[in-house]
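A quick write-up on the structure given underneath.
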Amino acid sequence: MILLVTNKRDITTDYIVRELRKREVDYYRLNTESLANYECSIGYETLNDWRIGNVNGSQVQSAYFRRPSPPEYTNSSETSENEYIASEWLAFLKSIYARLEGKWFNSPVSIALAEDKPKQLLLAKEARFKVPSGLITNVANDIIQKTGNNGLIIKPIKQGLIEGKDEKVIFTSRIPEVNAEHTSAISQVPSIFQQEIVKKFDVRVTVVGKQIFPVAIWSQDAEQTRVDWRKGGKIDLRHQVIELPTGIAKSCIELTSKLNLKFGAIDLICDQEDNYWFLEINPNGQWAWIENRTDLPIASAIVNELVAFGGKDEL
Numbered sequence: 003m004i005l006l007v008t009n010k011r012d013i014t015t016d017y018i019v020r021e022l023r024k025r026e027v028d029y030y031r032l033n034t035e036s037l038a039n040y041e042c043s044i045g046y047e048t049l050n051d052w053r054i055g056n057v058n059g060s061q062v063q064s065a066y067f068r069r070p071s072p073p074e075y076t077n078s079s080e081t082s083e084n085e086y087i088a089s090e091w092l093a094f095l096k097s098i099y100a101r102l103e104g105k106w107f108n109s110p111v112s113i114a115l116a117e118d119k120p121k122q123l124l125l126a127k128e129a130r131f132k133v134p135s136g137l138i139t140n141v142a143n144d145i146i147q148k149t150g151n152n153g154l155i156i157k158p159i160k161q162g163l164i165e166g167k168d169e170k171v172i173f174t175s176r177i178p179e180v181n182a183e184h185t186s187a188i189s190q191v192p193s194i195f196q197q198e199i200v201k202k203f204d205v206r207v208t209v210v211g212k213q214i215f216p217v218a219i220w221s222q223d224a225e226q227t228r229v230d231w232r233k234g235g236k237i238d239l240r241h242q243v244i245e246l247p248t249g250i251a252k253s254c255i256e257l258t259s260k261l262n263l264k265f266g267a268i269d270l271i272c273d274q275e276d277n278y279w280f281l282e283i284n285p286n287g288q289w290a291w292i293e294n295r296t297d298l299p300i301a302s303a304i305v306n307e308l309v310a311f312g313g314k315d316e317l
């Protein structure tokens, strides 16, 4: 059995479910926000001594950590009690995750470690990618001294979303020449400052095992997407399947492997001279829209990886 760990609203998992059904492969979709509705147990005789509903540890040959949501509990009239019970369910769920180590298509631990963007930039250089010059800092003077202080972009280290009443998304943005007036604002939080690369187009490379699925995203077709292609909202940017140079393709697979991942969504830039530059890798990124726009068989490739775990009941 293949275990799919996600939430009810995750459309990407629907693509995996469709492929599994087509192949008549046994699977179980666990929507984790509903975990409190299940009968669950964990024993401590063996690692496989657990169950969620009718699924037990010995049945699971592989698992896909897609997009789980925190368990929800709202049966109590007391908010504090609901929060306590939900946190206990989350602790239970994390223990199940640990028992699945060795069966994951990208383990939660590997995903968390791979989200370290400064580490990504370091490993990308080791994998022979071109990486825009820059640094991660909250010191204006360091930016002035170490970047040339001209033609820079700024982006967050991790979280691009400000939640709350006035929810905002922080996109990659151009910044003017840094001077003393910016010292206070820059000092508030370390950010990634890099030399802007003049783009021909953006590239999303979906890595699955030893396969790559590269797609050009023609971000320069619209003014609002030229710096960050995600900023255009509903703009229908052209998506085009491309072939990467052999060296770049190898670097994509090598970087993914260095991060102990079987899947990665890599963002590159192709510049005006057809050089490819590494920006970042999302270890659990979205890919369904790519398959929908291009017909690339990404779901099929992921299912191939999940099925390949068959017979390796190591835990």
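Per the working numbering, residue 3 is the first one in the sequence shown, and the count goes up by one each step.
C-beta atoms are modelled at their ideal positions from N, C-alpha and C, and glycine is treated no differently.
Given the structure is predicted, the values throughout are model-derived calculations rather than measurements.
Under DSSP, the beta-bridge partners assigned to THR8 are ASN33. When the beta-carbon positions are compared, THR15 and LEU6 come within less than 7 Å of each other. Scanning SER259, ARG240, ASN50 for the CA closest to the CA of PHE203 turns up ARG240.
Cβ-Cβ distances below 7 Å link VAL200 to ASP273, GLN274 in the same chain, with the five nearest sequence neighbours on each side left out; the list follows chain order. Ranked by Cα distance from VAL141, the options LYS233, LYS252, ILE188 are led by ILE188. One alpha carbon belongs to ILE4, the other to VAL229, and they sit about 40 Å apart.
According to DSSP, residue pairing for PHE203 in a beta bridge involves CYS272.
Minimum Cα-Cα distance from ALA290 among the listed residues ALA267, GLU245, LEU246, THR258 corresponds to ALA267. Rounded to the nearest whole angstrom, the CA to CA distance from GLY211 to ASP28 is 22 Å. With 16 or more other CB atoms across the displayed protein chains lying within 10 angstroms of its CB, SER64 is buried. Each residue's CA atom was taken as its position, placing ILE146 and PHE195 some 11 Å apart. DSSP assignment within the segment 185-240 yields the following whole beta strand (DSSP E) runs of 3 residues or more, N-terminal first: 193-197, 201-210, 213-219. The Cβ atoms of PRO72 and LEU92 lie closer than 7 Å to each other. By the neighbour-count definition (other C-beta atoms within 10 Å, threshold 16), ARG11 is an exposed residue. Taking the Cα positions, GLN222 is about 17 Å away from ILE244. The beta carbons of ILE159 and LYS119 sit closer together than 7 Å.
Assigned with DSSP and collapsed to three states, THR139 falls in strand.
The C-beta separation of SER112 from LEU261 comes to about 7 Å, placing the pair in contact by the 8 Å criterion.
The straight-line gap separating the alpha-carbon atoms of GLU225 and TRP231 is approximately 10 Å. In the DSSP assignment, ALA126 falls within the unbroken alpha helix (DSSP H) covering 119-128. Taking LEU125 as the centre and dropping the five residues before and after it, the same chain places the C-beta of LEU257, LYS260, LEU261 closer than 8 Å to its C-beta, in chain order. Residue pairing by DSSP puts ALA65 in a beta bridge opposite LEU5, TRP106. In the structure shown, GLY55 adopts coil according to DSSP, grouped into three states. Here TYR66 is actually not in contact with GLY55; their C-beta atoms are around 18 Å apart, not less than 8 Å.
Per DSSP, TRP289 is not a residue of any alpha helix (DSSP H), being assigned neither H nor E.
Looking at the DSSP output, TRP91 shares a beta bridge with no other residue. For LYS132, the pairing in a beta bridge is given by DSSP as TRP279.
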